[in-house]
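Residue numbers (this note's numbering), protein chains in the order written: chain A, 36 to 399; chain B, 5 to 405. Down below is the structure, laid out as structure tokens.
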Amino acid sequence: MSILHDEGQQAIATESRRILEARVHKDDLLPLLQTSGRYHEAFWATAKEQGWTALALPEAHGGLALGLVELGLIAHQAGRTLSGAPFLTSNFGAAKAIELYGSDDQKQRWLPGLASGDVIGAVAIASGPDALPAHPKVTLTNDRLDGVKDGVSGALHADVAIVFANGPGMPVLALVDLAKVEKTAIDSFDNSRCLADLHFADTPAETLVSGSAARAAALHILALQAVITAHEQTGGAEALMEIARDYAVTRKAFGQPIGAFQSIKHRIAELYGLVELARANCIHAASREGQSDFVTAAAAARLSATEAYDTAARDCVQIHGGIGVTWEIGLHLHMRRARTLALEQGSSLFWEDILVDRLAGEAA
Amino acid sequence: MSDLEAYRAKAAAWCESVAPTFGKAARKGLSVEEDLALGRRYQKAKFDAGFAGINWPTDLGGQGLGHIEKITFEAEEMKHGFPNVYFGISLGMPVPVLMQFGSDRDFVKERVLKALQGEEIWCQLFSEPSGGTDLAGLRTRAETDGNGWKINGQKVWTSWAQYSDYGVIVVRTDPTVAKHKGLTYFWVDMKAPGVTVRPIKLAGGDSHVNEVFFDDVKISDDHRMSPVGGGFSVALATLMIERYVATDSAGFGPHLDLFVDLAKDLMINGRPAIEDGRIRQQIARNYAMRSGLDSINVRARLMMQAGMTPGPEGSLNKLVAVRSRQKLSELAIDLQGVGGFHFDEHASPKDDWASSWINAPTGRIAGGSDETLLNTIAERILGLPQDHRPDKGVPFNQIPA
Chain A
36 MSILHDEGQQ AIATESRRIL EARVHKDDLL PLLQTSGRYH EAFWATAKEQ
86 GWTALALPEA HGGLALGLVE LGLIAHQAGR TLSGAPFLTS NFGAAKAIEL
136 YGSDDQKQRW LPGLASGDVI GAVAIASGPD ALPAHPKVTL TNDRLDGVKD
186 GVSGALHADV AIVFANGPGM PVLALVDLAK VEKTAIDSFD NSRCLADLHF
236 ADTPAETLVS GSAARAAALH ILALQAVITA HEQTGGAEAL MEIARDYAVT
286 RKAFGQPIGA FQSIKHRIAE LYGLVELARA NCIHAASREG QSDFVTAAAA
336 ARLSATEAYD TAARDCVQIH GGIGVTWEIG LHLHMRRART LALEQGSSLF
386 WEDILVDRLA GEAA
Chain B
5 MSDLEAYRAK AAAWCESVAP TFGKAARKGL SVEEDLALGR RYQKAKFDAG
55 FAGINWPTDL GGQGLGHIEK ITFEAEEMKH GFPNVYFGIS LGMPVPVLMQ
105 FGSDRDFVKE RVLKALQGEE IWCQLFSEPS GGTDLAGLRT RAETDGNGWK
155 INGQKVWTSW AQYSDYGVIV VRTDPTVAKH KGLTYFWVDM KAPGVTVRPI
205 KLAGGDSHVN EVFFDDVKIS DDHRMSPVGG GFSVALATLM IERYVATDSA
255 GFGPHLDLFV DLAKDLMING RPAIEDGRIR QQIARNYAMR SGLDSINVRA
305 RLMMQAGMTP GPEGSLNKLV AVRSRQKLSE LAIDLQGVGG FHFDEHASPK
355 DDWASSWINA PTGRIAGGSD ETLLNTIAER ILGLPQDHRP DKGVPFNQIP
405 A
């Protein structure tokens, strides 16, 4: 069952769009690409001020007790405006892991800060090409972590991380205070994501879940984050479709708007299809949190959103011709973000396998 | 249980109850004529049970309910493979247009009741050899003849014309004005002298479409359903009536679980095909696409229930679903290797991959080709410009042939 958004939810979408369109500008985002370790502070300040960081967290710990549907709507708008700072998703993922699998002490210690946005969380599950590795390279022995988690979004500024590690004979999902952990910044094509490798060396860590339940928990956190990211991707794809349309109705060649040529107009109509399928899958997935088919719905949302954003980035630049590849016009911001978001929370290859395992009745 | 859920349950129960008489198994091995006869009995049973003309006015024999009840029933009906295909066009477009634009109300009522009970079938005479998408470019002409009209010309791709009693037709009544402005809309008696119907055998082997020839077919002016020269807008109204129909994200081909079963049964290089990355990718991609359509359709139903107009994204259904079906059918045949050569002309496209494959092109052409649908999305939804149209505003008889 999918859903229609109620009035409150529609207001969240409209209001977040209005605010972000007023406060996020391409000219502020471009310079972030050329430095390492800086994020778009104006966006994060807005997210904190508007309570978006608290939106989907429990009231008992400073949250607003809304859910994936509402946070998804914010993420969609953030995607439209290329809003920097990866923490909207990673804070949520880290907080959900603590809320679902943590002790009361852990919740009291971390959740209020994550909800207010004063504490920044990261989620480190992947290892190289494996979004959910069978044998994580980071090891946990006697509550101490060792090894490297590579390519963790937002990690450069994170205070706390959820780490999927190899425990004593079984996988574990662990909570780690990053205060004393060495971080190596990654020079990326999308530097405002503040990517870093985390180097653990005899680092104290607290186990949240262990054994096969740890793997299921890690997948659940990935799926929750994937639904948020899918909304962000869909927003980006939608913005690119509109940019392409606006350009095609104004730019003329051979005496007519280029949008009158079917090679252009059909390309944009196909983008419309990809965006609407992704949007529909996102709305559906957000409404399935807590249901048995949630991971399946998240995978479908993730796959269609990645396809929509990548294709829109490719085609929007192509429709613009030469001007599309200039630094100044900034379409490359979307190209970069599309690829970044395609990797965060697991690539399409990962989600295809997750989905087919479920459809074939072979899910672990 | 909501009212709609109660309605669905009632519809489901009725469909179950008649499935042994009219369902897929009962139809197996029947000739087209026998199947049509069964279909007429099914349509009558549907009428008697109160499931015909669900969203039509009660004074014309309908049930006076909404689009939502109609598509709810259709979704249940679709599960059983009933012989309703012969009435799909008839009750979908020509008869509703007759209800809306027919001038003789007693005649209208009599026809509607007979059509609803499966006694009479109507066809829609729009496309011509010179064009289908370019409807306004049609050439069949009607000239005044005494107090009435005389029709000459040819229609084509007319579904079920060979079994039809009546048809609605758009013809050119004035070739000296721009093409959209010289058309007039009539109904015709398909048994009238001068009407010749010739079935066309399609690639998949069936012959549900026809050529229809008109040679000096005389009709009186009371057959006219539009002002003289005002036929194009009635034609457009005809095409708009069927906006709310039950959809199928499998493009009326086999559902994805059948592909998954196939991939589990067959081996590639000694391993189950379901473990092959190429196969897995296609399953996942098709699932994501189809689940997107399913969500669009669920939301459209919820909007109708809430009294709102569904969004324009519903226009993606046919475009996306049939393309997906066509390629997946090819892959399903590939999977079977030389075992995939078998072909049964009478197999159902809903559960047979070869049948689905060979009939898929029809789905991408009939009722608006992929290219036309993309143009519609681009122009109506996204506000992109129309294509260059050299015949725009030019009198019909001056357009270069």
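We put the beta carbon where it would ideally sit given N, CA and C, even for glycine.
Beta-carbon gap between A:Ala130 and A:Leu92 smaller than 8 Å = yes
Kindly indicate which three-state DSSP category B:Gln121 falls into: helix, strand or coil?
-> In this structure, B:Gln121 counts as coil in the three-state DSSP scheme.
At least 3 beta-carbon pairs within less than 8 Å: the stretch 197-207 of chain A vs the stretch 238-248 of chain A | yes
Would you verify that the beta carbon of A:Ile303 is, or is not, closer than 8 Å to some beta carbon of chain B?
-> yes
Using a Cβ-Cβ cut-off of 6 Å (strictly less than) and excluding sequence neighbours within five positions of B:Thr242, which residues of its own chain qualify?
-> Met97 and Val101
Distance, A:Ala258 Cα to A:Val330 Cα = 6 Å
Would you tell me roughly how many angstroms separate the C-alpha atoms of B:Gly387 and B:Leu378, rounded to the nearest one?
-> Distance between the alpha carbons of B:Gly387 and B:Leu378: 12 Å.
When DSSP labels each residue in this structure, what does B:Tyr90 get in the three-state scheme?
-> helix
Environment of B:Glu132 [buried if 16+ CB atoms lie within 10 Å] = buried
Three-state secondary structure (DSSP) at B:Met82?
-> helix
Would you decide whether A:His355 is buried or exposed? Buried here means 16 or more other CB atoms lie within 10 Å of its CB.
-> buried
Minimum C-alpha distance to B:Glu215 - residue among B:Trp18, B:Glu78, B:Gln166 and B:Leu335 = B:Gln166
Which one of A:Ser51, A:Asp62 and A:Arg52 has the shortest CA to CA distance from A:Glu363?
-> A:Asp62
Quick one: what does DSSP say A:His301 is sitting in, helix, strand or coil?
-> If DSSP states are grouped into helix, strand and coil, A:His301 belongs with the helices.
Residue nearest to B:Gly367 in terms of C-alpha spacing, selected from B:Phe347, B:Val302, B:Asp252 and B:Leu139 | B:Asp252
For B:Leu240, count neighbouring Cβ atoms within 10 angstroms of its own Cβ and tell me buried if that reaches 16, exposed if not.
-> exposed
Could you tell me whether the stretch 111-122 of chain B touches the stretch 55-73 of chain B, where touching means 3 or more Cβ pairs closer than 8 Å?
-> Proximity of the stretch 111-122 of chain B to the stretch 55-73 of chain B meets the contact definition, three or more beta-carbon pairs being nearer than 8 Å.
Using 8 Å as the Cβ pair cut-off and three pairs as the minimum, do the stretch 176-189 of chain B and the stretch 139-147 of chain B touch?
-> yes
Which residues mark the beginning and the end of the beta strand (DSSP E) in which A:Leu180 is found?
-> Arg179 to Val187 is the span of the beta strand (DSSP E), which, as asked, contains A:Leu180.
Counting only runs that start and end within the stretch 252-317 of chain B, where is the alpha helix (DSSP H) found for 4 or more residues in a row?
-> 260-269 and 281-309
If you follow the beta strand (DSSP E) that A:Ala236 is part of, which residue opens it and which one closes it?
-> Ala231 to Pro239
Cα-Cα separation between A:Ala169 and A:Leu68, rounded to whole angstroms = 34 Å
Skipping 5 residues on each side, what residues in its chain have a beta carbon closer than 8 Å to that of B:Arg327?
-> Gly255, Arg368 and Asp374
Taking only heavy atoms of the ligand SAH into account, decide whether any of them is closer than 7 Å to the Cβ of B:Arg31.
-> In the structure shown, the ligand SAH is absent, as is every other ligand, since no ligand is present at all.
Let me know if B:Lys50 comes out buried or exposed under the rule of 16 or more other beta-carbons within 10 Å of its beta-carbon.
-> buried
Determine the extent of the alpha helix (DSSP H) in which A:Ala335 is found, giving its start and end residues.
-> Phe329 to His355
Grouping DSSP H, G and I as helix and E and B as strand, with all else coil, what is A:Phe199?
-> Correct three-state label for A:Phe199: strand.
Opposite A:Cys317 in the DSSP bridges: which residues?
-> Per DSSP, none; premise fails for A:Cys317.
Only counting runs of 4 or more residues, tell me where the alpha helix (DSSP H) segments fall wholly within the stretch 105-188 of chain A, in order along the chain.
-> Correct list: 122-136 and 139-151.
Taking Cβ positions only, does A:Gln291 come closer than 8 Å to chain B?
-> yes
State yes or no: is the C-beta of B:Ile287 within less than 8 Å of the C-beta of A:Leu394?
-> yes
Compile a chain-ordered list of the residues in the stretch 376-389 of chain A whose CB is closer than 9 Å to at least one CB of chain B.
-> Ser383, Leu384, Trp386, Glu387, Asp388 and Ile389
Between which two residues does the alpha helix (DSSP H) containing A:Phe224 stretch?
-> It is not in any alpha helix (DSSP H) - A:Phe224 carries neither H nor E in the DSSP assignment.
If the cut is a Cβ gap below 8 Å, which residues of chain B does A:Asn316 touch?
-> Under the 8 Å cutoff, chain B gives Ala292, Ser295, Gly296 and Ser299.
What residues in its chain sit with their C-beta under 7 Å from that of B:Gln202, if we drop five residues either side in the sequence?
-> Checking the sequence, you will find Arg at residue 202 of chain B rather than Gln. Correct list, in chain order: Asn214 and Glu215.
Closest by CA to B:Leu262, which one among B:Asp355, B:Asp220 and B:Gly43?
-> B:Asp355
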